[in-house]
Amino acid sequence: MGTIPLMTDNGTFIINGTERVVVSQLHRSPGLFFDHDKGKSHPSGKVLYGARIIPARGSWLDFEFDAKDLVYVRIDRRRENFSHHTFKNIRVYRSINT
0 MGTIPLMTDN GTFIINGTER VVVSQLHRSP GLFFDHDKGK SHPSGKVLYG
50 ARIIPARGSW LDFEFDAKDL VYVRIDRRRE NFSHHTFKNI RVYRSINT
């Protein structure tokens with residue numbers, strides 16, 4: 000069968016004479032996730048909404064609304080980019096494909 004390694008007082012295991020540590024890692028499933036702050040982050044109590052697109056491979060996209068209803072886009076959690084050009088390009092794309 001096999002032997003079960005014993006845990007040391009430090010929370011590590013001794014396997015083949017070498018001290019080992021078990022490290023767990025979470026992986027976010029691909030998809031579209033919506034979120035809101037429940038009115039906590041703005042003094043007026045306005046609820047601010049956001050969305051996150053997590054692809055199977057590639058960069059994550061975050062969309063956030065501010066208190067003035069402007070949409071900001073963040074790629075891979077880097078600095079915020081105002082999305083005027085993004086939505087302008089989407090409108091052009093839609094008009095070409097319809």
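Using numbering that gives the first Met the number 0, you'd call the opening residue of the sequence shown number 0 and step up by one each time.
Ideal Cβ positions, reconstructed from N, Cα and C, are used throughout, including at glycine.
For residue 75, the secondary structure class from DSSP, reduced to helix, strand or coil, is coil.
For residue 68, there is no enclosing beta strand (DSSP E), as DSSP gives it neither H nor E. An exposed status is given to residue 36, since fewer than 16 other beta-carbon atoms sit within 10 Å of its beta-carbon. Residue 60 sits in a strand when the DSSP states are folded into three classes. Per DSSP, residue 7 lies in no beta strand (DSSP E) and is assigned neither H nor E.
Taking C-beta separations shorter than 8 Å and ignoring five residues to either side along the sequence, the partners of residue 12 in its chain run 4, 5, 6, 18, 19, 20 and 21, following chain order. Taking C-beta separations shorter than 6 Å and ignoring five residues to either side along the sequence, the partners of residue 52 in its chain run 31 and 60, following chain order. For the pair residue 73 and residue 29, the Cα-to-Cα distance works out to about 17 Å. Checking the DSSP bridge columns, you'll see residue 31 partnered with 52.
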